[in-house]
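A.B. asks: Protein chains in written order, with numbering that gives the first Met the number 0: chain A, 0 to 150; chain B, 0 to 53.
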Amino acid sequence: MTTTSLDELGPVDYIVVEFPAGASNFTGEMAAALVELVEAGTIRVIDVLILTKAEDGSVEAAELSDVGELGELQALEAQLAELLAEDDIVHLAAAMEPGSVAGVLIWENLWAAPFASAARRSGGQLIASGRIPIQAIIASIEADELVTEGV
Amino acid sequence: MPLRAARVGRVGVIGAPVARTAVVAAAVTPGPSPVAKTAVVAAAVTPGRRRRRI
């Protein structure tokens, strides 16, 4: 990867979405929502894996192409970079409950790339980033309300 | 299913085992109490709602 392309790379995130045993209900809605984000230029999908964790804790990984009918995801599959390595699968599966299936999604935030690039050109450097859990927002609001009520 | 050859023997990008995060589905699933919580969160990210105290 060249310096130029690195400079234009948006931040890369991942999620692991777990489907507890018997709870999955794949209607194609998730795929449609994902394709919409890609087509809008909001994100670029870098990698997708489907992990299955058996009751004994063993993990099996399937590629998106191993899924029989890809539907709308067909176009995405051809562009995957296969970023995740074998070690990553073990690390990601550590969060899963035995008996569950999970989808792993790695994506680049294309929307953030122009801003990040502009910040770098302006001499700025990223010194922190993160995600604020919804629970933390709820806790903050509730604490505020307690102060307001004088409790 | 075997992994693709490209994934084997490479240095990974996820440095350590990933900790399970708290499941937030209950807070955003429609229903009497969770709906109220969703409204609270929505209010928290609405412009001008709070003033920072530093």
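Each residue gets a CB set at the ideal place from its N, CA and C atoms; glycine is no exception. Computed from a prediction, not measured in an experiment: that's the story for all the values here.
Taking the beta strand (DSSP E) that A/D55 belongs to, which residues open and close that run?
C.D. replies: From DSSP, A/D55 is part of no beta strand (DSSP E); its letter is neither H nor E.
A.B. asks: Report buried or exposed for A/L152, applying the criterion of at least 16 other Cβ atoms within 10 angstroms of its Cβ.
C.D. replies: Residue 152 of chain A cannot be examined here, being either before or after the span of chain A that is shown, 0 to 150.
A.B. asks: If the cut is a Cβ gap below 7 Å, which residues of chain B does A/D87 touch?
C.D. replies: Simply G11, V12 and I13.
A.B. asks: Is the distance from the Cβ of A/G40 to the Cβ of A/L82 below 8 Å?
C.D. replies: No, the pair does not count as a contact, with Cβ atoms beyond the cut-off.
A.B. asks: With a threshold of 8 Å between beta-carbons, can B/P55 be considered close to chain A, or not?
C.D. replies: Past the edges of chain B, shown from 0 to 53, lies residue 55 of chain B, and the structure says nothing about it.
A.B. asks: What residues are listed by DSSP as bridge partners for A/N108?
C.D. replies: Answer by DSSP bridge pairing, in chain order: A/I42.
A.B. asks: Going by beta carbon distance, what residues of the same chain come within less than 7 Å of A/E107, once the five residues before and after it are set aside?
C.D. replies: So the qualifying residues of the chain are L8, G9, V11, I42, R43 and I45.
A.B. asks: How should A/I14 be labelled, buried or exposed, when 16 other C-beta atoms within 10 angstroms of its C-beta is the threshold for buried?
C.D. replies: Classification of A/I14: exposed, given that the 10 Å Cβ count is below 16.
A.B. asks: So, with DSSP's three-state summary, where would you put B/I13?
C.D. replies: Three-state result, B/I13: coil.
A.B. asks: Could you tell me the distance, in whole angstroms, from the CA atom of A/V103 to the CA atom of A/G149?
C.D. replies: Computed Cα separation, rounded: 45 Å.
A.B. asks: Counting C-beta neighbours from all protein chains within 10 Å, is the total for A/L145 16 or more, i.e. buried, or is it exposed?
C.D. replies: Exposed: under 16 other Cβ atoms inside 10 Å.
A.B. asks: So the alpha helix (DSSP H) A/D86 belongs to, where does it begin and stop?
C.D. replies: It spans E85 to A92 - the alpha helix (DSSP H) in which A/D86 sits, taken as one unbroken run.
A.B. asks: Taking one C-beta from the region 87-98 of chain A and one from the region 46-54 of chain A each time, how about it: are there three or more such pairs within less than 8 Å?
C.D. replies: Yes, since at least three Cβ pairs between the region 87-98 of chain A and the region 46-54 of chain A fall closer than 8 Å, the two stretches touch.
A.B. asks: Starting from the Cα of A/G56, find the closest Cα among A/A115, A/P97 and A/I136 and give me that residue.
C.D. replies: Of the candidates A/A115, A/P97 and A/I136, the one whose C-alpha sits nearest the C-alpha of A/G56 is A/P97.
A.B. asks: Using beta carbons (cut-off 8 Å, strictly below), is A/E7 in contact with chain B?
C.D. replies: No, its Cβ sits nowhere closer than 8 Å to a Cβ of chain B.
A.B. asks: What's the call for A/I131, buried or exposed, on a 16-neighbour Cβ count within 10 Å?
C.D. replies: A/I131 should be labelled exposed.
A.B. asks: Determine whether the Cβ of A/E185 lies closer than 8 Å to any Cβ atom of chain B.
C.D. replies: The displayed coordinates of chain A run from 0 to 150. Any statement about residue 185 of chain A would go beyond what the structure contains.
A.B. asks: Tell me, which residues are paired with A/T51 by DSSP?
C.D. replies: Answer is A/E59 and A/V100.
A.B. asks: A/T147 to A/A138, Cα distance in whole Å?
C.D. replies: So the two alpha carbons sit approximately 14 Å from each other.
A.B. asks: State the beta-bridge partners of A/E18 as determined by DSSP.
C.D. replies: Looking at the sequence provided, one finds Phe at residue 18 of chain A rather than Glu. In DSSP, A/F18 forms a bridge with A/V100.
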